[in-house]
Every structure is written in structure tokens, then in C-alpha cells.
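K.L.:
Everything in the sequence shown is counted per my numbering, starting at 1 for the first residue and increasing by one. Could you have a look at this structure, given as C-alpha cells, before my questions?
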Amino acid sequence: MITLTIDAKKFTLNDEDIVYLAETLNLAVRGKKLPSEKHSSLAYRTLAVEDDSASPRSNRYFRSHPDRSDHVLTDC
């Protein structure tokens with residue numbers, strides 16, 4: 001069991017809920033197509049991840065190399 005905290009609300013998730021959320025959030029961050037079916041959770045009825053953005057590249061919060069600077073370094 002893992003507890004997911006969003007704002008001040010806490011959600012205790014079982015293994016199936018965790019796997020569904022991890023896989024679909026990973027797909028959303030990569031800009032891949034999300035599964036159309038929703039996950040039936042025993043505790044929360046239905047879980048779904050919906051992606052409203054066009055791609056992760058258009059989202060300024062996601063970068064391909066977060067450990068590198070956005071600026072190209074040169075030997076000038």
C-alpha cells in the first residue's frame with residue numbers, strides 16, 4: 001500500500017491502482033497515447049488519467065534533459 005497525497009487529501013492505493021497510475025502517468029509524460037479504458041478501483045470506483053496537452057514538448061514543465069542547461073555552451 002502507498003499513500004498518495006494531493007494538496008491536503010490522502011489516498012491509500014493498492015498495488016493495482018499504483019501500477020495503473022504509474023504506467024499511464026509515464027505514458028502522458030512521454031506524449032504517448034493513453035489507454036482509453038479507465039481503471040476500476042475497489043476503493044475509488046474509477047481511476048483515469050486524462051491528457052489535455054498536445055505533447056510534452058509543448059509543455060514548459062517537461063524538459064528532455066533536466067540536468068542540462070537550456071542554453072548551448074560554446075568555446076568562444
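Heads up, the beta-carbon is just placed ideally off N, CA and C, and yes, glycines get one too.
Decide if D15 is buried, meaning its Cβ has at least 16 other Cβ atoms within 10 Å, or exposed.
P.N.:
Counting from one through the sequence shown, the residue named residue 15 turns up at place 15. Exposed.
K.L.:
Please go through the same chain and pick out, in chain order, the residues whose beta-carbon is closer than 7 Å to the beta-carbon of Y20, but skip the five residues on each side of it.
P.N.:
Residue mapping note: residue 20 aligns to position 20 of the sequence shown, counting from 1. Contacts found: H39, L47.
K.L.:
Return the bridge partner residues of L13 from the DSSP annotation.
P.N.:
Numbered from 1 along the sequence shown, position 13 holds the residue referred to as residue 13. Answer is I2, bridged to L13.
K.L.:
Where do the N-terminal and C-terminal ends of the beta strand (DSSP E) with L47 fall, by residue?
P.N.:
In the sequence shown, residue 47 corresponds to position 47, counting from 1. Segment 45 to 47, the beta strand (DSSP E) holding L47.
K.L.:
Given this structure, state the Cα-to-Cα distance separating T5 from S41, to the nearest angstrom.
P.N.:
One-based indexing of the sequence shown puts residue 5 at position 5. One-based indexing of the sequence shown puts residue 41 at position 41. The alpha-carbon atoms of T5 and S41 are separated by roughly 17 Å.
K.L.:
Below 7 Å between beta carbons: does that hold for L25 and L34?
P.N.:
As a position in the sequence shown, residue 25 is number 25, starting the count at 1. As a position in the sequence shown, residue 34 is number 34, starting the count at 1. Against a cut-off of 7 Å, the Cβ pair of L34 and L25 comes out as no contact.
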